[in-house]
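Visitor:
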Ligand code: PEP
Ligand code: MG
């Protein structure tokens with residue numbers, strides 16, 4: 127009698143719950159209470175059959191709403207598949223047991239699960255657990271089985287899922303990894319984390335040593351296969367990402383380090399964890415952001431070795447995604463990327479990592495949108511829908527239908543734009559009323575070279591020579607520099623290459639040459655550093671001149687020039703280098719020389735420097751930073767930093783006027799050239815050469831071919847009347863929509 131009463135109360139309470147999500151809590155609370163159980167939990171099946179833990183009385187609450195057991199896995203999966211109750215005293219010993227760390231259910235021994243079946247379909251599983259290792263009695267089992275069938279009638283599954291999806295849509299911000307937008311299903315990576323492996327003793331040292339060496343060889347073979355899988359999509363430079371894996375796998379300090387620890391009595395995962403930890407920490411402690419980012423590669427490799435050891439990676443064809451997929455993980459490794467067929471790879475999201483990590487480099491090279499450093503995304507499951515917006519460094523988890531529609535609309539427009547862009551590749555960037563704009567690419571990595579040329583760049587407008595310096599262990603020698611510079615000049619054939627001399631200091635530190643200053647942005651950087659480090663500077667100038675032997679496409683550009691003496695000094699050094707090399711029998715010629723206009727004091731001196739300059743290029747990133755006194759890399763003030771600030775625009779207009787008056791070729795090589803709003807303004811103000819990242823070039827060309835110079839001029843006239851960057855952005859955006867070029871702003 128009392129059992130029936132309890133049953134009635136539970137079902138009634140469930141039916142009367144205020145909302146669908148309250149209903150599931152009412153169910154588990156009342157069952158746990160009336161039946162005096164340690165744990166009562168309710169799992170509901172999602173559209174893929176995965177079982178989501180939606181309510182529990184007894185399990186760790188942090189797990190509720192976050193744990194999802196893959197279809198068919200574990201005891202819950204077994205109940206769902208068999209459609210029968212399961213009653214076990216010691217769950218952990220059952221072959222189907224699947225421990226979920228977040229629930230902390232190790233403390234409960236017994237497991238009783240009953241399927242909830244509606245119209246022949248398993249919609250969920252009701253689970254009871256207790257600390258004591260005992261099977262439930264026949265009476266208890268009967269109540270739960272009856273409840274299972276009663277609940278099938280009252281649980282409002284559809285509304286519950288709607289509720290969940292509504293409340294769980296969220297947007298996260300990160301760092302731009304690679305541009306573009308991707309929509310797809312989540313595939314979680316890094317499910318194997320070496321750092322969470324426990325240490326333990328080694329039972330058989332000889333066998334474990336042999337196992338370790340086999341493991342290294344197996345992973346080496348794996349990496350080779352993955353690299354071959356990506357094949358022609360990789361430029362030579364990006365292929366070196368894989369070379370880094372080979373190098374690490376043949377590094378004696380790693381291979382022997384693990385072997386030594388095994389010999390000392392550690393089992394394989396424990397030994398591997400210690401060595402990987404040590405190596406990763408060395409990189410993590412480095413100041414240079416590029417080198418610091420290398421610690422991620424070491425961790426990836428550690429996880430790869432560990433997962434192979436555990437035999438977790440099943441490269442079976444059936445495991446390959448067959449739908450648009452977004453890889454998500456603390457760190458998405460190059461191997462994770464290689465495992466997804468490129469036609470299905472829609473995006474990459476990393477909880478950690480920077481835009482300098484190999485993952486970002488590879489994503490850029492493959493043209494896959496990526497967002498880095500979003501922080502851990504809790505409650506994200508395999509096959510959840512995700513939007514990766516690499517343009518805005520945003521990730522949208524389980525987007526609302528309206529948001530999804532907007533992004534789909536955007537992707538469709540992009541598709542169309544892409545096919546138009548393809549046809550534009552060899553056409554000039556010419557406005558509707560016939561003005562030609564020269565488009566150059568910016569670069570710093572060898573990896574950027576082919577994309578720039580493929581995108582139809584008419585030259586390399588800014589080659590940041592400090593990047594090869596930043597990724598080296600010491601100052602590269604003159605010959606090492608020569609090899610890199612020669613490759614670049616040759617790749618561009620007869621197209622001009624503007625090589626900027628070393629611009630270190632400030633936001634670009636060298637790991638092997640630390641400069642400690644109170645105010646680095648105003649300190650020893652750019653040309654100031656170069657002139658003070660004579661022999662280093664001479665070797666760079668000599669390397670550039672030697673690389674240009676027999677060709678005439680080298681231009682030398684000086685960063686951060688603010689005083690006449692810097693320009694005079696440089697010309698002296700250049701003359702010396704030319705004389706030296708001529709004496710050495712090298713057939714050198716004096717290349718055109720110019721400066722970046724990025725220190726505001728340069729602007730008013732340009733006329734007086736005219737004789738010493740062959741060109742100028744506006745470095746709008748630093749120019750904006752110094753004009754606005756806003757650190758371009760400081761997230762606290764980032765929101766106020768905008769290169770279309772009226773003060774910046776007025777100064778650029780002044781530079782263009784001086785350049786026109788003195789017939790001095792001028793370009794822009796800062797981020798402004800990649801920003802459609804800024805491009806309209808620059809062209810309207812008279813700029814005819816823009817240098818930008820290769821990825822942005824086709825879009826900017828499309829924009830320029832859509833608008834007329836006359837309309838750009840009219841927009842500038844209006845914009846320069848405004849005194850606020852936001853208003854200026856809005857004005858240009860509105861006008862672009864009217865001109866039929868608004869989709870560029872997506
Ligand atoms: C700039 O300052 O605009 C520029 C192009 O140089 P960098 O971003 O390398 O400082
Ligand atoms: Mg600069």
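Numbering (our numbering), first residue to last: 127 to 872.
For every residue, glycine included, the Cβ atom is placed at its ideal position computed from N, Cα and C.
Report yes if the C-beta of residue 654 is less than 7 Å from at least one heavy atom of the ligand PEP; otherwise report no.
Guide: One-based indexing of the chain shown puts residue 654 at position 528. The answer is no for residue 654.
Visitor: Identify whether residue 656 lies in helix, strand or coil by the three-state DSSP scheme.
Guide: Within the chain shown, the letter at position 530 stands for residue 656. Here residue 656 sits in helix by DSSP.
Visitor: In angstroms with no decimal places, state the Cα-to-Cα distance between residue 447 and residue 492.
Guide: Here residue 447 corresponds to residue number 321 of the chain shown, with the count starting at 1. Here residue 492 corresponds to residue number 366 of the chain shown, with the count starting at 1. If I take the Cα positions, the gap works out to 18 Å.
Visitor: Within the segment 794 to 850, note down every full alpha helix (DSSP H) run reaching 4 residues or more, in order along the chain.
Guide: For the segment 794 to 850, whole alpha helix (DSSP H) runs of length 4 or above, ordered along the chain, are 802 to 811, 823 to 832, 835 to 845.
Visitor: Taking the alpha-carbon positions, what's the residue 371 to residue 508 distance?
Guide: Along the chain shown, read from residue 1 onward, the residue named residue 371 stands at position 245. Along the chain shown, read from residue 1 onward, the residue named residue 508 stands at position 382. C-alpha separation (whole angstroms): 27 Å.
Visitor: Pull up the distance between the alpha-carbon of residue 133 and that of residue 267, whole angstroms please.
Guide: If you number the chain shown from 1, residue 133 lands on position 7. If you number the chain shown from 1, residue 267 lands on position 141. Between residue 133 and residue 267, the C-alpha separation is close to 13 Å.
Visitor: Cα separation between residue 614 and residue 455?
Guide: By one-based count along the chain shown, residue 614 stands at place 488. By one-based count along the chain shown, residue 455 stands at place 329. Distance between the alpha carbons of residue 614 and residue 455: 35 Å.
Visitor: Just the residues with CB closer than 6 Å to a heavy atom of the ligand PEP, in chain order, which are they?
Guide: Having a Cβ closer than 6 Å to some heavy atom of the ligand PEP are 588, 590, 629, 724, 745, 746, 747, 748, 795, 796.
Visitor: Determine contact between the segment 423 to 433 and the segment 387 to 406, defined as no fewer than three beta-carbon pairs at a distance below 8 Å.
Guide: Touching, yes.
Visitor: So, is residue 777 buried or exposed, given that buried needs 16 or more other C-beta atoms within 10 angstroms?
Guide: To locate residue 777, count along the chain shown from 1; it is residue 651. Burial call: buried.
Visitor: Let me check understanding here. Comparing Cα to Cα, which of 345, 152, 212 lies closest to residue 437?
Guide: As a first step, residue 437 must be located in the chain shown, where it is residue number 311. When each option's Cα is compared against that of residue 437, the closest is 345.
Visitor: Taking 8 Å as the threshold (beta carbon to beta carbon), is residue 157 in contact with chain D?
Guide: Protein chains in the displayed structure number just one, and chain D is not present.
Visitor: Tell me which same chain residues have a C-beta within less than 7 Å of the C-beta of residue 489, skipping the five on either side of it?
Guide: As a first step, residue 489 must be located in the chain shown, where it is residue number 363. Closer than 7 Å at the Cβ level, and outside the excluded window around residue 489, lie 303, 304, 474, 496.
Visitor: Buried or exposed for residue 827, please, with buried defined as at least 16 other CB atoms from any protein chain shown within 10 angstroms of its CB.
Guide: For the purposes of this step, residue 827 is taken as the residue at position 701 of the chain shown. Buried, since its Cβ has 16 or more Cβ neighbours within 10 Å.
Visitor: Apply the 10 Å Cβ neighbour rule to residue 863 and answer buried if 16 or more other Cβ atoms are within range, or exposed otherwise.
Guide: The residue labelled residue 863 in the question sits at position 737 within the chain shown. Under this definition residue 863 is an exposed residue.
Visitor: Does the beta-carbon of residue 528 have 16 or more other beta-carbons within 10 angstroms, so that it is buried, or is it exposed?
Guide: Position 402 of the chain shown, counted from the first residue, corresponds to residue 528. Label assigned to residue 528: exposed.
Visitor: Cutting at 7 Å between CB atoms, please list the residues of its own chain near residue 728, excluding the five before and the five after it.
Guide: Position 602 of the chain shown, counted from the start, is the residue given in the question as residue 728. 687, 688, 721.
Visitor: Report yes or no: do the segment 379 to 391 and the segment 311 to 325 share at least 3 C-beta pairs separated by less than 8 Å?
Guide: The segment 379 to 391 is not in contact with the segment 311 to 325.
Visitor: Under the criterion of a Cβ to heavy atom distance below 7 Å, does residue 640 qualify as lining the ligand MG?
Guide: For the purposes of this step, residue 640 is identified with residue 514 of the chain shown, where counting begins at 1. No - the ligand MG has no heavy atom lying nearer than 7 Å to the Cβ of residue 640.
Visitor: Kindly confirm or deny that the segment 534 to 545 and the segment 802 to 818 touch, where touching means at least three C-beta pairs closer than 8 Å.
Guide: Short answer: they don't touch.
Visitor: Apply the 10 Å Cβ neighbour rule to residue 821 and answer buried if 16 or more other Cβ atoms are within range, or exposed otherwise.
Guide: Looking up residue 821 in the chain shown gives position 695. By the neighbour-count rule (16 or more Cβ atoms within 10 Å), residue 821 is buried.
Visitor: Do you know whose CA, among 810, 749, 402, lies nearest residue 773's CA?
Guide: Residue numbering aside, residue 773 sits at position 647 when the chain shown is read from its first letter. Ranking 810, 749, 402 by Cα distance to residue 773 puts 749 first.
Visitor: At a threshold of 7 Å, does residue 685 count as lining the ligand SAH (C-beta to nearest heavy atom)?
Guide: This structure does not include the ligand SAH; its bound ligands are the ligand PEP and the ligand MG.
Visitor: DSSP state of residue 538, grouped into three classes?
Guide: One-based indexing of the chain shown puts residue 538 at position 412. In this structure, residue 538 counts as helix in the three-state DSSP scheme.
Visitor: I need the boundaries of the beta strand (DSSP E) containing residue 517, first residue and last residue.
Guide: Taking the chain shown and counting its residues from 1, the one referred to as residue 517 is at position 391. Taken as a continuous stretch (DSSP letters only), residue 517 belongs to no beta strand (DSSP E), as it is neither H nor E.
Visitor: Is it the case that the CB of residue 670 approaches a heavy atom of the ligand MG more closely than 7 Å?
Guide: As a working mapping, residue 670 is identified with position 544 in the chain shown. Incorrect: residue 670 has no Cβ contact closer than 7 Å to the ligand MG.
Visitor: Out of 831, 520, 323, 243, state which residue places its alpha-carbon closest to the alpha-carbon of residue 299.
Guide: As a working mapping, residue 299 is identified with position 173 in the chain shown. If we check each option's Cα against that of residue 299, 520 comes out closest.
Visitor: Would you identify the three-state DSSP class for residue 717, choosing helix, strand or coil?
Guide: Your numbering for residue 717 matches position 591 in the chain shown. Coil.
Visitor: Under a Cβ-count criterion, where at least 16 other Cβ atoms within 10 Å of its own Cβ denotes burial, should residue 792 be classed as buried or exposed?
Guide: Locating residue 792 in the chain shown gives position 666, where the first residue counts as 1. Counting Cβ neighbours within 10 Å, residue 792 comes out buried, since at least 16 surround it.
Visitor: If you measure from the CB of residue 722, is any heavy atom of the ligand MG nearer than 7 Å?
Guide: As a first step, residue 722 is located in the chain shown; it is residue number 596 there, counting from the start. Yes.
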